[in-house]
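Working notes, structure below.
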Amino acid sequence: MKNISSLLRIQYPVIQGPMLGVTSPEMVAAVSNSGGLGSLPIGGLSPDVAGQLIRKTKSLTSSPGAVNLFAHAIPERIDEAGLQRMQDYLESYARQRSLPFSRRTAGEFRFYSYREQIDTLLEEDVRIVSFTFGVPAPDVISRLKDRGVILIGTATSVAEAVALADAGVDAVVAQGYEAGGHRGSFLEPDLPQVGLFALLPQIADAVAVPVIAAGGIVDGRTIRAAFQLGASGVQPGTLFVPSTESLASEGYKDAVIAARDTDTQLTQAFTGRWARGIRNDFMRTTEASGVGTAEYNVHNSLTAGLRAHGRTNDVPDVVSLWAGQHAGKARKGGAAEIFRNLVAGIDFDAL
Ligand SMILES: Cc1cc2nc3c(=O)[nH]c(=O)nc-3n(C[C@H](O)[C@H](O)[C@H](O)COP(=O)(O)O)c2cc1C
Numbered sequence: 000m001k002n003i004s005s006l007l008r009i010q011y012p013v014i015q016g017p018m019l020g021v022t023s024p025e026m027v028a029a030v031s032n033s034g035g036l037g038s039l040p041i042g043g044l045s046p047d048v049a050g051q052l053i054r055k056t057k058s059l060t061s062s063p064g065a066v067n068l069f070a071h072a073i074p075e076r077i078d079e080a081g082l083q084r085m086q087d088y089l090e091s092y093a094r095q096r097s098l099p100f101s102r103r104t105a106g107e108f109r110f111y112s113y114r115e116q117i118d119t120l121l122e123e124d125v126r127i128v129s130f131t132f133g134v135p136a137p138d139v140i141s142r143l144k145d146r147g148v149i150l151i152g153t154a155t156s157v158a159e160a161v162a163l164a165d166a167g168v169d170a171v172v173a174q175g176y177e178a179g180g181h182r183g184s185f186l187e188p189d190l191p192q193v194g195l196f197a198l199l200p201q202i203a204d205a206v207a208v209p210v211i212a213a214g215g216i217v218d219g220r221t222i223r224a225a226f227q228l229g230a231s232g233v234q235p236g237t238l239f240v241p242s243t244e245s246l247a248s249e250g251y252k253d254a255v256i257a258a259r260d261t262d263t264q265l266t267q268a269f270t271g272r273w274a275r276g277i278r279n280d281f282m283r284t285t286e287a288s289g290v291g292t293a294e295y296n297v298h299n300s301l302t303a304g305l306r307a308h309g310r311t312n313d314v315p316d317v318v319s320l321w322a323g324q325h326a327g328k329a330r331k332g333g334a335a336e337i338f339r340n341l342v343a344g345i346d347f348d349a350l
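So, in C-alpha cells, the structure goes:
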C-alpha cells in the first residue's frame with residue numbers, strides 16, 4: 000500500500016497523535032509546518048471551544064492538519080448510584096491528602112457529543128477528521144464525505160478495523176496495546192489487548208484502506224518496522240508529551256522521560272474507560288479500593304477537578320499521566336525538532 004502522504008497531502012506519512020489535554024494548537028502547527036500531519040483533539044469539548052481551538056490552529060499554520068473527535072454515544076440519563084459512589088470515594092481520597100474536591104449533582108453535568116461539533120467542523124472547512132471510541136453514525140459520515148472530508152478511524156482489533164472500513168473511512172489507525180492514552184476500543188465485549196506487532200499485519204490483511212500504526216513509534220527503526228508490517232503511515236503520541244508546546248505539567252513530562260518499559264499500565268481509575276498511563280498513587284489507591292467505575296462521561300468529569308489541581312500545582316500523583324510503553328525514549332524540545340529527529344534519514348518512498 001502506498002504511503003498516506005498523497006492522500007493527506009503531506010510531505011511525511013507521519014501523524015502527530017491527537018492528545019486531549021496535552022496537544023495545543025501550537026503543537027499541531029509545529030508538526031504540520033514541518034511536513035507531518037498535526038491533529039487537534041476536540042473530543043467532548045463544546046462547539047464554541049472547539050471552534051476557537053480550530054481558528055487558533057489555522058492562525059498558526061496554512062496546513063492545519065486533522066481534527067479529532069470522540070465518536071461514542073452520550074447516555075441520556077446519569078446513573079445516580081454510580082455518581083454518588085464515585086463522589087463518596089473521591090471526597091474521602093481528597094480529604095485524606097488535603098486536596099480539594101467539590102461534589103456535584105446530576106443536573107450540573109453537560110456533555111457534548113461529536114454530533115454537536117459537526118457544524119463547527121464544516122463551518123471551519125476542516126479537511127481531515129479522525130476519531131476514536133467508535134464509528135460516527137451513517138448520516139454524520141455522509142455529511143462529512145459529501146463535503147470531501149477525509150475520515151480516519153481508530154481500531155484496536157481486526158473486527159473494529161473492518162467495521163470502520165465498511166462504514167466508509169479513508170484510513171484506519173491500528174492502535175496497539177502498547178499505545179499511550181485511552182484504548183479506542185468500541186466493539187468487542189472484552190477489551191482488545193493486541194500488541195501492534197500482531198495487530199498491524201492482521202488489520203493490513205483485512206482492510207483495503209491504508210493503515211496507520213499507533214503504539215510505541217519513537218524513532219526510525221520503529222517506523223521502518225511498522226511499514227514492514229503493513230503500515231502506510233505512523234501516529235506517535237507519547238513522543239510529543241514532553242515537547243515545549245505540550246500542555247502537560249513539568250512533573251508529567253519528567254515522568255514520561257524517566258519511564259521504564261514496565262512503568263505504564265492500563266487503568267479505568269481516572270475516567271472509567273481503559274487507558275494506558277504511568278502508575279501513580281491515584282491509580283494504585285483507586286484500583287485497590289474496589290470502588291469500580293461510573294459511566295465514562297460522569298467518571299471523567301468527577302476526576303477532572305482533582306487532575307486539574309494536580310496539573311496546576313504539579314502533583315503528578317493525581318494527574319492522569321497518559322503514556323505508552325515506549326515513553327522513556329521521549330525527550331524535551333520543540334515539537335518541530337522532535338518531529339525532524341523522528342523522520343531524519345528515512346526514505347519513505349523506499350519503505
Ligand atoms: C496523553 C494522551 C492523550 C491522548 N488522547 C487522544 C485523543 O484525544 N484522541 C485520540 O484519538 N487518541 C488519543 N491518544 C492516542 C494517541 O493519539 C496515539 O494514538 C497514541 O499515543 C500512540 O501510541 P504512543 O503513545 O505509544 O505513541 C492519546 C494518547 C496520549 C498519550
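If you read the sequence shown in numbering that gives the first Met the number 0, its first letter stands for residue 0, the second for the next number, and so on.
Where is the CB? At the ideal position from N, CA and C, for every residue including glycine.
Just so you know, these numbers come straight off a predicted model, no measurement behind them.
- Just reading off the alpha helix (DSSP H) that R142 is part of, what are its end residues? P137 to D145
- Message: Would you call the stretch 77–89 in contact with the stretch 20–40, where contact means no fewer than 3 C-beta pairs closer than 8 Å?
- Response: no
- Query: Based on the DSSP output, what are the partners of V13 in its beta bridges?
  - Reply: V233
- Which of helix, strand or coil does DSSP assign to I53? helix
- Query: What's the gap between the Cα of D87 and the Cα of I151?
  - Reply: 39 Å
- Expressed to the nearest angstrom, what Euclidean distance is found between the alpha-carbon atoms of G147 and A170? 14 Å
- Query: For the beta strand (DSSP E) that contains G152, what are its first and last residues?
  - Reply: I149 to A154
- Query: For Q267, does the three-state DSSP call read helix, strand or coil?
  - Reply: coil
- Check whether the Cβ atoms of P135 and A166 sit closer than 9 Å, and answer yes or no. yes
- Query: Looking at C-alpha atoms only, which residue of S242, G64, F108 and Y11 is the closest neighbour of D346?
  - Reply: Y11
- In DSSP terms, what N67 is bridged to: P40 and S129
- Query: According to the neighbour-count rule (16 or more other Cβ atoms, all chains shown, within 10 Å of its Cβ), is N312 buried or exposed?
  - Reply: exposed
- Of the residues D262, A173 and L186, which one's Cα is nearest the Cα of V233? A173
- Message: Any heavy atom of ligand 1 inside 8 Å of the beta-carbon of W321?
- Response: yes
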